[in-house]
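Just so you know, we're using the numbering used here here: the sequence shown kicks off at 18 and counts up by one. Structure first, commentary second.
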Amino acid sequence: MLAVAMTGGLVGCQQEVAKAPPKKTPEVFVSTPTVETVTDFQEFTGRTSAVYTVDIRSRVSGYLEQVLFRDGADVKAGQPLFVIDDRIYRATAANAAALVAQATARRDGLINQDRRSHELRRSNAVSQEQYETIAFQRAEAEAAVTASAAQKELADLNVSYTHVLAPISGMISNRRVDPGNLVKADDTVLVTIVSLDPIYMYFDVNERTVLKLRRLIHDGQLEEADEAGVVVQVSLADEDDFSHRGTIDFLDNQIDASTGTQRVRAVIPNPDRLLSPGLFVRLRFPIGQPHEALLVQEEALGTDQGQRFLYVVNEKDEVAYRRVKVGMLTHGRRVIDDGLKAGERVVVNGLQRVRPGDKVVPKSTESAATPASPVEGLAMDTVASRPQSVKKPVTPLPPEFKPSRRGKER
């Protein structure tokens, strides 16, 4: 009975869970927003396009004999590309040359007759009718010479068209017709040439941005884009930063009623041939003058039902919930347009460990040995959010009670 009573008392002691230790005040990293001069940008998407694109077609019909370039190579203006069978055109040119010689000989003979008839007319040796007939024949012969010369020039031009030359410098595509095939004049596309340096970028600006820009221009806060050569920042599909620079050189003269946008074109140098026509690009277009703004780290911002917010630590080291209006993102930091003041302490790490009104221990990110990156901060928040088990204190057994192995297993 004594053993049973002591065992029951022991179980009762073990069931009395010790109170959990008081919750430790969480530590968070805080920083103050920086004040810098920034320019507001509006981001758009667009496509690159070649400044010059030419589909090469033959100006005469015939069978293709030779291809004088390598597919995908760079070509210069005036470089020979194709050779078409020219035997028919050379024969036509030779015939035209013979007709010119024939017409010239007839004209020269009539010129001599006209000169003699003019002298004989003075002495009335020929009639007026004969004199006029010879004059008309001379004029007809001169016109025949002019017509035959034009035919010869056309025949010579067709002979030159049998050698197809590059009209511009640029990169050539693969040939569309192999030697031995018939080429139709002004119909069959032989190859395509595009220029690569510089290159165009087309993008569409929505109505709201167009109206905002026009008001800024009207107020004198922004110059005309097509006159001032406004610089745009360009980012490619595999880039996060906007490291390329282009210049606005064209604005469409009307708004597209079906899309509510205005077409804008920028030109960008491309000496290293990194860009090619058809690439997807992102562009930043300035929509205001440079001004001072508050910037915070992007990882300090949270989202609540589509609204961006910050956790701010007040002078009592308590967390306050603050909705903010954000602006552009630049170098990993976000512009805060409204809702934050300079000098306030913003929680930049450990957002998931705190709630509005919590007491925290703020630590400055500048004083930290290794400031936590966004990934590290997320990992810390994830670990901190897991429930921690509380180790129960064990009540020591009386020295006279030594349970057996069987009782211990129970």
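Glycine included, C-beta positions come from ideal geometry on N, C-alpha and C.
Collapsed DSSP secondary structure at residue i in the structure displayed
i, result
"Leu395", "In this predicted model, Leu395 has a pLDDT of only 33, less than 50, meaning its place in the structure is not dependable; the value taken from the coordinates is given anyway. Note: Leu395 maps to helix in three-state DSSP."
"Ala67", "strand"
"Arg124", "helix"
"Arg74", "strand"
"Lys229", "helix"
"Arg351", "strand"
"Asp289", "coil"
"Gln130", "helix"
"Arg192", "coil"
"Gln119", "helix"
"Arg325", "strand"
"Leu137", "helix"
"Glu332", "coil"
"Arg340", "strand"
"Ala310", "strand"
"Thr205", "coil"
"Pro410", "Note that Pro410 has pLDDT 43, beneath the 50 cutoff, so the model's placement of it is unreliable and the number below is only indicative. Correct three-state label for Pro410: coil."
"Glu361", "coil"
"Ile272", "coil"
"Ala283", "strand"
"Glu315", "helix"
Close beta carbons around residue i, own chain, < 6 Å, minus the five adjacent residues each side
i, result
"Thr121", "Val162"
"Ala172", "Thr109, Ala110 and Ala113"
"Gln96", "Ala183"
"Arg403", "Its pLDDT being 37, under 50, Arg403 is placed unreliably in this model, and the coordinates cannot settle the point."
"Tyr148", "Ser134 and Arg138"
"Asn175", "Val77 and Tyr106"
"Arg192", "Val84 and Val208"
Other residues of its chain near residue i: CB distance less than 7 Å, five sequence neighbours each side excluded
i, result
"Gly374", "Glu335 and Val336"
"Pro196", "Leu81, Glu82, Gln83 and Val84"
"Val68", "Ser212, Pro215, Ile216 and Tyr217"
"Ala359", "Pro50, Val52 and Leu311"
"Gly258", "The sequence as given places Asp at residue 258; Gly does not occur at that position. Contacts found: Ser252."
"Asp255", "none"
"Gln130", "Ile151"
"Asp203", "Arg74 and Arg76"
"Val143", "Ser134 and Leu137"
"Lys333", "none"
"Lys376", "Thr42, Asp334 and Glu335"
"Ala94", "Ala183, Pro184, Ile185 and Ser186"
Distance CB(residue i)-CB(residue j) smaller than 8 Å
i, j, result
"Thr56", "Pro307", "yes"
"Phe220", "Thr62", "yes"
"Asp88", "Thr209", "no"
"Val222", "Val284", "no"
"Tyr328", "Val352", "no"
"Val298", "Thr54", "no"
"Phe86", "Ile185", "no"
"Asp355", "Val341", "yes"
"Ser293", "Val200", "no"
"Val47", "Val247", "no"
"Arg124", "Glu159", "yes"
"Val100", "Gly187", "no"
"Arg339", "Leu368", "no"
"Lys380", "Glu60", "no"
"Thr179", "Gly79", "yes"
"Asp269", "Gln279", "yes"
"Gln314", "Gly349", "yes"
"Leu98", "Val181", "yes"
Opening and closing residue of the alpha helix (DSSP H) in which residue i lies
i, result
"Glu146", "Gln145 to Tyr178"
Extent of the continuous beta strand (DSSP E) run through residue i
i, result
"Ile265", "His261 to Leu268"
"Leu81", "Gly79 to Val84"
"Arg370", "No beta strand (DSSP E) holds Arg370; DSSP gives it neither H nor E."
"Arg299", "Phe297 to Pro303"
"Gly187", "Gly187 to Ile189"
"Asp321", "Gly319 to Asp321"
"Glu452", "Missing from the structure shown is residue 452; the chain here goes from 18 to 427 and no further."
"Asn223", "Ile216 to Asn223"
"Gln250", "Val248 to Leu253"
"Val45", "Glu44 to Ser48"
"Val378", "Val378 to Ser381"
"Leu213", "Segment: none, Leu213 is in no beta strand (DSSP E) and carries neither H nor E."
"Pro184", "Per DSSP, Pro184 belongs to no beta strand (DSSP E) and is neither H nor E."
"Ala97", "A small correction: the amino acid at residue 97 is Pro; Ala does not occupy that position in the sequence shown. Looking at the DSSP string, the run of the beta strand (DSSP E) that includes Pro97 is Pro97 to Ile101."
Same chain only: Cβ atoms within 8 Å of residue i, ignoring 5 sequence neighbours per side
i, result
"Phe58", "Gln250, Arg301, Phe302, Pro303, Ile304 and Met345"
"Val343", "Leu318, Arg325, Arg351, Val352, Ile353 and Asp354"
"Ala167", "none"
"Gln145", "Arg138"
"Asn287", "Leu213, Asp214, Pro215 and Ile216"
CB contact check: residue i to chain C, cutoff 8 Å
i, result
"Glu256", "Protein chains in the displayed structure number just one, and chain C is not present."
Should the region 223 to 235 be called in touch with the region 115 to 135, which here means at least 3 C-beta pairs below 8 Å? The region 223 to 235 makes no contact with the region 115 to 135, as fewer than three CB pairs between them are under 8 Å.
Give a yes or no on contact between the region 180 to 196 and the region 143 to 162, applying the rule of three or more CB pairs nearer than 8 Å. Short answer: they don't touch.
Cβ contact check for the region 269 to 277 and the region 317 to 334: 3 or more pairs under 8 Å: No: the two stretches stay apart, fewer than three of their Cβ pairs being nearer than 8 Å.
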